[in-house]
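Peer 1:
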Amino acid sequence: DTGVSQDPRHKITKRGQNVTFRCDPISEHNRLYWYRQTLGQGPEFLTYFQNEAQLEKSRLLSDRFSAERPKGSFSTLEIQRTEQGDSAMYLCASSWTTNTGELFFGEGSRLTVL
Amino acid sequence: GDSVTQMEGPVTLSEEACLTINCTYTATGYPSLFWYVQYPGEGLQLLLKATKADDKGSNKGFEATYRKETTSFHLEKGSVQVSDSAVYFCALSDNTNAGKSTFGDGTTLTVKP
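So this is what it looks like as C-alpha cells:
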C-alpha cells in the first residue's frame, strides 16, 4: 500500500442520479477525511472519521450526502439526487491521530453532473 | 472560524528567479501551518510544515517561517526550476479539532525555461 486510493477517478452522471465514491486510506491511518474542491478554490472540508465513527460534518454536507466507514478501513461518499452544483473534485485524505495535522491525499474523484 | 488567505495567481517566473507566495491566516487557537503542492495530474502532497511559532519548514529548496506576530507563513525559494510548476496551497490545522485543515485557494506557479 503506497498511498490513498480513490475510485472512480472520473464520474459523469445526469442530474437526479445517485453516485458513490470509494476511498481506501493508508492502512495504518485511523483518520479519514472527505474534502470537495471546485475549480480555482482550495479543498473544503466535508466530513471526517476516526476509525468507524463519523465525528464531524460540515454545513456543506447537505442531506443528500452521506458518508460511511463501516469497518474503520475504506470509506464511501454517496450523493443522492445529484445537482449540477455538485460537480467538483471529491478528495479523500487520511492521517493518524498523533500527527500534527498533515494529511495524505488521494488523487480525487471528479464528478460531472449534466 | 479559521481562514487562510494566499496570494492570488497565477504567477509566472523565469527559471532561476526568486519566488515568494504570501500566505496569512486567522485562527482562534495555535494551529500548525502547511504548504501543499499539486503537480499537474497528481494529488495534493505535503511540501513543508511548521507546528509552532518561529519554526521554519523546508523541503526541496522551499522554505516558510511560522510568524505568529504577523499571522503569516510565506513560501519562498531562491531559484525556481521548470519542475516547480504546480499549484501551491497554504493550509492550517487546528490542533484542537482533530486535525481538520483549512486551505487557501491556491496559487498557480508557472516557471518558463
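Keeping their order, the protein sequence lines are chains A and B.
Per this note's numbering, the very first residue in the first sequence carries number 99; after that it's consecutive.
Per this note's numbering, the very first residue in the second sequence carries number 744; after that it's consecutive.
Ideal Cβ positions, reconstructed from N, Cα and C, are used throughout, including at glycine.
Given the structure is predicted, the values throughout are model-derived calculations rather than measurements.
Quick one: which unbroken beta strand (DSSP E) runs of 3-plus residues sit fully inside the segment 102-183 of chain A? Chain order, please.
Peer 2: 103-105, 108-111, 117-122, 129-135, 142-148, 151-155, 163-166, 173-177
Peer 1: Bridge partners of A:TYR188, per DSSP?
Peer 2: DSSP, once it has assigned bridges, lists A:ARG134, A:SER207 as partnering A:TYR188.
Peer 1: Looking at the secondary structure, which residues open and close the beta strand (DSSP E) in which B:TYR779 lies?
Peer 2: Annotation: the continuous beta strand (DSSP E) that includes B:TYR779 extends over 775-781.
Peer 1: Under 7 Å Cβ-Cβ, which residues of chain A neighbour B:THR794?
Peer 2: Here the neighbours are THR198.
Peer 1: Residues of chain B with CB closer than 7 Å to the CB of A:GLY206, please, in chain order.
Peer 2: GLY786
Peer 1: Should B:LEU852 and B:VAL747 be called a contact, given that it needs their Cβ atoms to be closer than 8 Å?
Peer 2: no
Peer 1: Looking at the secondary structure, which residues open and close the beta strand (DSSP E) in which B:ALA807 lies?
Peer 2: 805-808
Peer 1: For A:SER156, which option in A:ASN149, A:SER164, A:LYS169 has the closest C-alpha, if you only look at C-alpha atoms?
Peer 2: A:SER164
Peer 1: The beta strand (DSSP E) with B:LYS820 in it runs from where to where?
Peer 2: 818-820
Peer 1: Measure from the C-beta of B:LEU789 to each C-beta in chain A and report whether the shortest distance is under 8 Å.
Peer 2: yes
Peer 1: What's the gap between the Cα of A:GLY204 and the Cα of B:MET750?
Peer 2: Straight-line spacing of the CA atoms in A:GLY204 and B:MET750 works out to 25 Å.
Peer 1: Closer than 7 Å by C-beta to A:GLU154: which residues in its own chain qualify, once you throw out the five before and the five after it? Chain order, please.
Peer 2: So the qualifying residues of the chain are THR145, TYR146.
Peer 1: Of all the residues that make up the segment 815-826 of chain B, which are near chain A by a beta-carbon distance shorter than 8 Å?
Peer 2: none
Peer 1: Which residue marks the beginning of the beta strand (DSSP E) containing B:SER801, and which one marks its end?
Peer 2: 799-802
Peer 1: Is A:PHE163 close to chain B, meaning its C-beta is less than 8 Å from at least one C-beta of that chain?
Peer 2: no
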